[in-house]
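Numbering (the numbering used here), first residue to last: 200 to 597. The C-beta atom is built at its ideal place from N, Cα and C for all residues, glycine as well. Since the model is a prediction, treat every value here as computed from it, not as a measurement. Worksheet: the structure to be examined is printed underneath.
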């Protein structure tokens, strides 16, 4: 569970778990019992997009989203950089690559249709050292393989044409990268669901799934028990996360960062936000221990930069030399629910499965959907509902 912190610029320098269930699912809420054909657990952007897709494709089914908070989009869907990704970074042929490029087109069409605010500002991926140039070229070739639209290599002398304050040797220009408030998009998706006859049920913390004559989703007052282990720099291929970003926001701020360090609880947004059982469950996982050994020095440097802003600013000045310490303040934090395998490697692609046992024909899990899941949310929803139609034997119009 990486904890991500950003710095916010000011001045003149320019465990989401989403489940889909079928067949007379029932939810008991404060003594009342509701029955649905499809229940989506988790009111983030992927959950709301999936429920909307089900409701629109199968209008006769009773569909609901259940969310443990008092509104949708409280966690990852609001605590993020707000970038609409174009699909450069991801392994060719992977679900991330395919769904991001497809989702990019879908999300821009959706934003225009719903008249939601966004900016297609473009993105530079900048190499500032000669050692980074081969990696920049590989990224460009990867983007072309993925079908990322209209990207090109620009020389260092042309970089100020796109960003006057940025310096570098070469860069990739991605004109279709944009920014949006993903929380606004998520709320619109939930509104679409309601208008299609579905329901959004908040303050419903899923505790367990029970299979008897019907599939039952129940709640308790306890925390959600299902566990998820949890302008760009040219990313280093040996490190688990991308490099530093300068990300414009819809409100005019510019996010600088992020740092990626361990969160002390699943939804911990500060160094003092600690939950002992979740912390020890995380650090006791063998995969995390192996990750820590492989990237120990890098992890320490991330902690160091997250605590001392001046150190972070010094790194950022490689790209924007005129940036100063007085220009920045601490910004938002977020937690990225990221699957980690037992060998200490981040799971690189989206993962969807039905599990095993008696529930395998009744539940479909989204197990790993980190960035670019927001950009890909509409295409992910189509994939999930296609899979649900197969697993749950859904028929058009029913």
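By Cβ distance below 6 Å, which residues in the same chain neighbour residue 573 in space, the five residues on each side in sequence not counted? Answer for residue 573: 244 and 381, listed in chain order.
Buried or exposed: which applies to residue 234, given that a residue is buried once 16 or more other Cβ atoms fall within 10 Å of its Cβ? Around the beta-carbon of residue 234, fewer than 16 other beta-carbon atoms lie within 10 Å, marking it exposed.
In three-state DSSP terms, what is residue 584? Residue state, collapsed to three classes: helix.
Rounded C-alpha distance that separates residue 388 from residue 264: About 11 Å.
Specify, as a first and last residue, the run of the beta strand (DSSP E) that residue 269 falls within. Membership of residue 269 in any beta strand (DSSP E) is not indicated, and neither H nor E is assigned to it by DSSP.
Beta-bridge pairing of residue 317 - partner residues as DSSP gives them: DSSP, once it has assigned bridges, lists 379 as partnering residue 317.
Residue burial classification, residue 594 (beta-carbon count within 10 angstroms, cutoff 16): A residue is called buried when at least 16 other Cβ atoms come within 10 angstroms of its Cβ; residue 594 does not meet this threshold and is exposed.
Beta carbon of residue 385 nearer than 9 Å to that of residue 459: A distance of 9 Å or more separates the beta carbons of residue 385 and residue 459.
Per the DSSP calculation, residue 456 is bridged to which residue(s)? Answer by DSSP bridge pairing, in chain order: 444.
Apart from the five residues on each side of it in sequence, which residues of its chain come closer than 6 Å, Cβ to Cβ, to residue 347? Exclusion of the five residues before and after residue 347 leaves 285, 286 and 287 as the residues of its chain whose Cβ lies within less than 6 Å of its Cβ.
Take residue 321 as the anchor and find which of 446, 538 and 455 has the nearest alpha-carbon. Selected option, being the one with the closest Cα: 446.
On a CA-only basis, which of 536, 513, 540 and 535 is nearest residue 527? Give me that one, please. Of the residues 536, 513, 540 and 535, the one whose Cα lies closest to the Cα of residue 527 is 513.
So, is residue 266 buried or exposed, given that buried needs 16 or more other C-beta atoms within 10 angstroms? If you draw a 10 Å sphere on the C-beta of residue 266, you find 16 or more other C-beta atoms in it, and that means buried.
If we count the other Cβ atoms within 10 Å of its Cβ and call it buried at 16 or more, is residue 487 buried or exposed? With 16 or more other Cβ atoms inside 10 Å of its own Cβ, residue 487 counts as buried.
Starting from the C-beta of residue 295, find all residues in its chain whose C-beta is less than 7 Å away, skip the five residues before and the five after it, and write them out in chain order. Within the same chain, residue 295 has close Cβ partners 289, 548, 549 and 571.
Report the option in 239, 539, 506 and 367 whose CA atom is closest to the CA atom of residue 602. Coverage of the chain is limited to positions 200 through 597, which leaves residue 602 absent and any answer about it impossible.
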